[in-house]
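>
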Amino acid sequence: MKKTEIIAHRGSKGTHPENTLIAFEEAIQVGSDGIELDVHLTRDGEVVVIHDETIDRTSNGRGLVREFSLKKLKMLDMGSWFDSKFKSCTIPTLQEVIDLLNQAGFNGLLNIELKTNKFDYPGIERKVVEKLSKQANLFSVVFSSFNYQTLIRLNTLDRNLDLALLFEDYEENKTRLDKKNLMKMFHPSLEWFKNNDKNQSLKYPVRLWTINSEEDLVYCFSKKVFGIFTDFPQKAIAIRDEN
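Using numbering that gives the first Met the number 0, the letters of the sequence shown map in sequence onto residues 0 to 242.
(1) Under a three-way DSSP split, which group does A235 fall into?
(2) What residues match up with E112 in a beta bridge as DSSP calls it?
(3) Quick one: what's got a C-beta closer than 8 Å to D161's C-beta in the same chain, skipping five residues either side?
(4) Given that a residue counts as buried once 16 or more other Cβ atoms are within 10 Å of its Cβ, and exposed if not, what is A135?
(5) Restricting to runs no shorter than 3 residues, where is the beta strand (DSSP E) found entirely within the segment 17-93?
(6) Quick one: using the 10 Å Cβ neighbour count with 16 as the cut-off for buried, is D177 buried or exposed?
(7) Mapping the DSSP letters down to three states, classify S221 as helix, strand or coil.
(8) Three-state secondary structure (DSSP) at K1?
(9) Could you give the DSSP three-state label for R9: helix, strand or coil?
(10) Starting from R206, follow its DSSP beta bridges and name the residues at the other end.
(11) Starting from L131 and walking both ways along the alpha helix (DSSP H), at which residues does that stretch end?
(12) How would you write the range of the alpha helix (DSSP H) that L243 sits in, first residue to last?
(13) Please look up how many angstroms separate the CB atoms of N101 and L131, rounded, as I've assumed it's under 8 Å.
(14) Write down the C-beta distance between E35 and F228 rounded to the nearest angstrom, noting that I regard them as a contact closer than 8 Å.
(15) Helix, strand or coil for F138 per DSSP?
(16) Give the single residue among Q233, K222, K234 whose Cα lies nearest to the Cα of K1.
(17) Quick check on DSSP: helix, strand or coil for K178?
(18) Which class does F185 belong to by DSSP, given the choice of helix, strand or coil?
(19) What's the C-alpha gap between F145 and V38?
(20) By Cβ distance, which residues of its chain are closer than 7 Å to D215, with the 5 residues on each side in sequence left out?
(21) Are the CB atoms of K117 and E17 within a distance shorter than 8 Å?
(22) Using 8 Å for Cβ pairs, my map puts V224 next to V205. What's the rounded Cβ distance?
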């Protein structure tokens, strides 16, 4: 049986500044099956990789991502908040990450989360799809979002895209999901999975977030879930391979 996929959450987030090229390089180096990242749009319409809507937590600046041009964002230090040795880290564009993965020969999974649940960036879905389709990539791609409308728009652009719904409360989307069978995968929280593991109506394979403790990792591997997102991919791989 196929082993549970180990997907590096925002790169190797537990050991490197999240959503930076060096975090993705580390995730590749330790043998992650997949890499997860988050995207937003800049003021000038560039797709950048960062988790929060603001730059406050992970840079030496303040403000909303959408209020800055790419040039201004590139001037920020995106690493010192984690450790001063990473002060040279800058915010990556999605294209830079795509190029990095291809240059490294990465043939795993790239999970792109479109962060449209707070700001509905106009046209972000098309921009992301076009960036991925303009070259042949070695890796496979799944698109995820908490915003169901984003997944509908992605499906309209290309019905062959792999889409995954992120959620904590499945019931809020259940009716629409049953009517529009867009999903190939669920990305729920661990808590939701534990409460619904024996539910016979669970129709989709799952990738669970965010699994970091040894206890939770062992539990997920024992349940043979399809995949997990973790901040510590090297640790997770070692535990998976022992079980």
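Cβ atoms here follow ideal geometry from the backbone N, Cα and C, with glycine treated the same way.
This is what the structure holds:
(1) helix
(2) D37, S143
(3) S139, V140, V141, F142, K183, M184
(4) That one is exposed.
(5) 33-40, 46-48
(6) Low confidence applies to D177: its pLDDT is 47, below 50, so where it sits in the model is not reliable enough to give any reading.
(7) helix
(8) coil
(9) coil
(10) R206 pairs with G226.
(11) 123-132
(12) Not covered by the structure: residue 243. The range shown for the chain is 0 to 242.
(13) No, N101 and L131 are not in contact; Cβ-Cβ is about 11 Å, not under 8 Å.
(14) 6 Å
(15) coil
(16) K222
(17) Confidence in K178 is poor, its pLDDT being 47 and thus under 50, which makes the residue's placement unreliable; the coordinate value appears in the next sentence. In the structure shown, K178 sits in a helix (DSSP, three-state: H, G or I).
(18) strand
(19) The C-alpha of V38 is placed about 13 Å away from the C-alpha of F145.
(20) L189
(21) no
(22) 6 Å
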